[in-house]
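Q: Residues in the sequence shown are numbered from 1 upward in steps of one, following full-length UniProt numbering. Yeah, the Cβ is synthetic: ideal placement off N, Cα and C, and Gly gets one too.
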Amino acid sequence: MGWELLEQWGDDVVRGEALTGGAGVNEVYSVRVGGHRGVGRLGRRSDADLAWETLLLRHLDREGMAVPVPIPAVDGRLFADGLVVMTYVEGEPPETEADWGRVADELRQLHRLTYGWPQRPGWRSSTDLLRAQNGTKVDLRAMPVEAVARCRAAWERLSGRTACVVHGDPNQRNVRMTADRVALIDWDESHVDVPDLDLALPHNAAGLDDDAYDVAAQARAAWEAAVCWDPSGTDRFAVERLAEVRAI
Numbered sequence: 001m002g003w004e005l006l007e008q009w010g011d012d013v014v015r016g017e018a019l020t021g022g023a024g025v026n027e028v029y030s031v032r033v034g035g036h037r038g039v040g041r042l043g044r045r046s047d048a049d050l051a052w053e054t055l056l057l058r059h060l061d062r063e064g065m066a067v068p069v070p071i072p073a074v075d076g077r078l079f080a081d082g083l084v085v086m087t088y089v090e091g092e093p094p095e096t097e098a099d100w101g102r103v104a105d106e107l108r109q110l111h112r113l114t115y116g117w118p119q120r121p122g123w124r125s126s127t128d129l130l131r132a133q134n135g136t137k138v139d140l141r142a143m144p145v146e147a148v149a150r151c152r153a154a155w156e157r158l159s160g161r162t163a164c165v166v167h168g169d170p171n172q173r174n175v176r177m178t179a180d181r182v183a184l185i186d187w188d189e190s191h192v193d194v195p196d197l198d199l200a201l202p203h204n205a206a207g208l209d210d211d212a213y214d215v216a217a218q219a220r221a222a223w224e225a226a227v228c229w230d231p232s233g234t235d236r237f238a239v240e241r242l243a244e245v246r247a248i
C-alpha cells in the first residue's frame with residue numbers, strides 16, 4: 001500500500017508538496033484534511049511502534065504541550081499500514097540563546113510528563129546498550145570494537161539516572177517557535193532514555209554545570225554515532241560524531 005491510504009481520511013483529502021523529514025526513512029508530504037493543512041508521513045514503522053508514538057503525542061497534547069497531533073481516519077484509527085496524518089505546526093526555528101532557553105524548558109516539561117513511560121517497542125536506551133548489542137536503529141556489532149568501548153564509556157556515566165521519554169533529536173529543524181509557544185516536531189527518534197540525551201543544547205541553554213554538560217554532550221555524540229553508523233564506516237555524520245567521543 002502507499003499514498004492511496006489517504007482515502008481512509010476522507011474523500012476530500014489532498015496530498016500536496018513533499019516535505020523534508022525522517023532522514024530518508026519516511027516519505028513526508030503536506031496534506032489537506034477537512035480543509036485544514038496537515039502532514040502525512042508514510043514509512044515502515046510497525047503498528048506497535050506507531051501506537052506508542054501516537055499515544056505519546058496525544059498525551060502530550062492533553063497536557064498542554066505543542067506537538068503534532070494525530071488526526072484520526074474516518075474509522076477512528078490513528079494510523080494505517082505505516083501512514084500517520086498529523087496537524088501541521090506553524091512557527092520558526094530557534095535562533096538566539098533565549099530561543100534555545102525556551103526549547104530547554106519545553107524538553108524538561110516533556111521529561112517531567114513521561115517518567116515511568118514504557119519503552120518504545122523494539123528500542124533500547126543508551127544504558128541498555130551497556131549490555132545489549134542492538135536495538136532498533138543501533139547495531140553495535142557493526143561498529144569497531146574500540147568505537148563500541150568509547151560509546152559505552154560515555155553511556156556508563158548515565159547509569160543510575162531515572163529514565164523518561166526523550167525527543168531524541170532536538171535540533172533546529174525539529175523545533176517550531178512562535179511568540180507564545182515552543183513546538184517539538186519529528187518524533188521518529190523519541191524513546192525512553194536518560195533525559196541528559198536531550199540537554200546538550202546550543203549555548204548550553206539547559207544551564208548545565210561543566211561536568212553535567214560534558215556527560216550529556218558525550219552521551220549524545222555516542223548515541224548519534226551508534227544510530228547512524230554504516231558498517232562500511234563511511235557515514236560522514238556518524239564518523240564525525242564518533243570523533244567527538246573521547247578515547248578511553
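Taking the beta strand (DSSP E) that Glu156 belongs to, which residues open and close that run?
A: By one-based count along the sequence shown, residue 156 stands at place 156. Here Glu156 belongs to no beta strand (DSSP E); instead the alpha helix (DSSP H) covers 145-156.
Q: Quick check on Glu53: buried or exposed, where buried means 16 or more other Cβ atoms within 10 Å of its Cβ?
A: As a position in the sequence shown, residue 53 is number 53, starting the count at 1. Taking all protein chains shown into account, Glu53 has 16 or more neighbouring C-beta atoms within 10 Å of its C-beta and is therefore buried.
Q: Are Leu184 and Val67 close, meaning C-beta to C-beta below 8 Å?
A: The residue you call residue 184 lines up with position 184 of the sequence shown. The residue you call residue 67 lines up with position 67 of the sequence shown. It is a contact, given that the beta carbons lie within the stated cut-off.
Q: Which parts of the stretch 70-100 are runs of the beta strand (DSSP E), unbroken and 3 residues or longer, counting only runs that do not cross its ends?
A: 83-87
Q: Let's test the definition: count the other Cβ atoms within 10 Å of the Cβ of Ala221 and tell me whether it reaches 16, buried, or not, exposed.
A: On the sequence shown, position 221 is the one that residue 221 refers to. By the 10 Å Cβ count, Ala221 comes out buried.
Q: With H, G and I counted as helix, E and B as strand and the rest as coil, what does DSSP make of Glu27?
A: Residue mapping note: residue 27 aligns to position 27 of the sequence shown, counting from 1. Strand, per DSSP.
Q: Could you check whether Arg32 and Val14 sit closer than 8 Å to each other, using their CB atoms as the reference points?
A: Your numbering for residue 14 matches position 14 in the sequence shown. Your numbering for residue 32 matches position 32 in the sequence shown. It is a contact, given that the beta carbons lie within the stated cut-off.
Q: By Cβ distance, which residues of its chain are closer than 6 Å to Gly122, with the 5 residues on each side in sequence left out?
A: Numbered from 1 along the sequence shown, position 122 holds the residue referred to as residue 122. The answer, listed in chain order, is Thr136.
Q: As an exercise, report each continuous beta strand (DSSP E) stretch of at least 3 residues that is fully enclosed by the stretch 179-235, in chain order.
A: 182-184, 191-193
Q: Looking only at its chain, what residues have a beta carbon closer than 8 Å to the beta carbon of Asp180, apart from the 5 residues adjacent to it on each side?
A: Residue mapping note: residue 180 aligns to position 180 of the sequence shown, counting from 1. Hits under 8 Å: none found.
Q: CA-CA distance, Gly233 and Val25?
A: Looking up residue 233 in the sequence shown gives position 233. Looking up residue 25 in the sequence shown gives position 25. Rounded to the nearest angstrom, the two C-alpha atoms are 19 Å apart.
Q: What three-state label does DSSP hand Arg124 in the structure shown?
A: Mapped onto the sequence shown, residue 124 falls at position 124. If DSSP states are grouped into helix, strand and coil, Arg124 belongs with coil.
Q: Using a Cβ-Cβ cut-off of 8 Å (strictly less than) and excluding sequence neighbours within five positions of Arg150, which residues of its own chain qualify?
A: Counted from its first residue, the sequence shown places residue 150 at position 150. Excluding sequence neighbours, Arg150 sits near Ala222, Leu242, Val245, Arg246, Ala247, Ile248.
Q: Find the nearest neighbour of His36 within the set Glu90, Ala80, Glu224, Pro170, judged by alpha-carbon distance.
A: On the sequence shown, residue 36 is found 36 positions in, with the first residue counted as 1. Proximity to His36 across Glu90, Ala80, Glu224, Pro170 peaks at Glu90, based on C-alpha coordinates.
Q: Hey, is the stretch 188-200 in contact with the stretch 91-101, meaning 3+ C-beta pairs nearer than 8 Å?
A: Because the criterion of three Cβ pairs below 8 Å is not met, the stretch 188-200 and the stretch 91-101 do not touch.
Q: Identify whether Ala238 lies in helix, strand or coil by the three-state DSSP scheme.
A: Position 238 of the sequence shown, counting from 1, holds the residue named residue 238. Helix at Ala238.
Q: Within a Cβ cutoff of 6 Å, which residues of the same chain sit near Pro231, ignoring the five residues on either side of it in sequence?
A: In the sequence shown, counting from the first residue as 1, residue 231 sits at position 231. Result list for Pro231: Ala142, in chain order.
Q: Return the CA-CA distance between Asn171 and Asp198, expressed in angstroms with no decimal places.
A: Reading the sequence shown from its first residue, position 171 is the one you call residue 171. Reading the sequence shown from its first residue, position 198 is the one you call residue 198. Cα to Cα, the separation comes out at about 9 Å.
Q: Is it true that the stretch 65-79 meets the stretch 158-175, where meeting means three or more beta-carbon pairs spaced less than 8 Å apart?
A: no
Q: Leaving out five residues on either side along the sequence, give the residues of the same chain with a beta carbon under 7 Å from the beta carbon of Gln109.
A: Your numbering for residue 109 matches position 109 in the sequence shown. Counting only Cβ-Cβ distances below 7 Å, and skipping sequence neighbours, we find Met65.
Q: Using the rule of at least 16 other Cβ atoms within 10 Å of the residue's Cβ for burial, across every protein chain shown, is Glu7 buried or exposed?
A: Start at 1 with the first residue of the sequence shown, and residue 7 comes out as number 7. Label assigned to Glu7: exposed.
Q: Out of curiosity, what's the CA-to-CA distance linking Ala48 and Pro118?
A: If you number the sequence shown from 1, residue 48 lands on position 48. If you number the sequence shown from 1, residue 118 lands on position 118. If you take the alpha carbons of Ala48 and Pro118, they lie about 12 Å apart.
Q: In chain order, what residues of the same chain lie with their CB nearer than 6 Å to the CB of Asp235, ignoring the 5 residues before and after it?
A: Along the sequence shown, one-based indexing puts residue 235 at 235. The residues are Cys228.
Q: Give me the residue from Asp214, Ala200, Leu83 with the minimum Cα distance to Ser46.
A: As a first step, residue 46 must be located in the sequence shown, where it is residue number 46. Nearest to Ser46 by alpha-carbon distance, out of Asp214, Ala200, Leu83, is Leu83.
Q: With C-beta atoms as the reference, is Glu156 less than 8 Å away from Leu130?
A: In the sequence shown, the residue the question calls residue 156 occupies position 156. In the sequence shown, the residue the question calls residue 130 occupies position 130. Cβ atoms of Glu156 and Leu130: closer than 8 Å.
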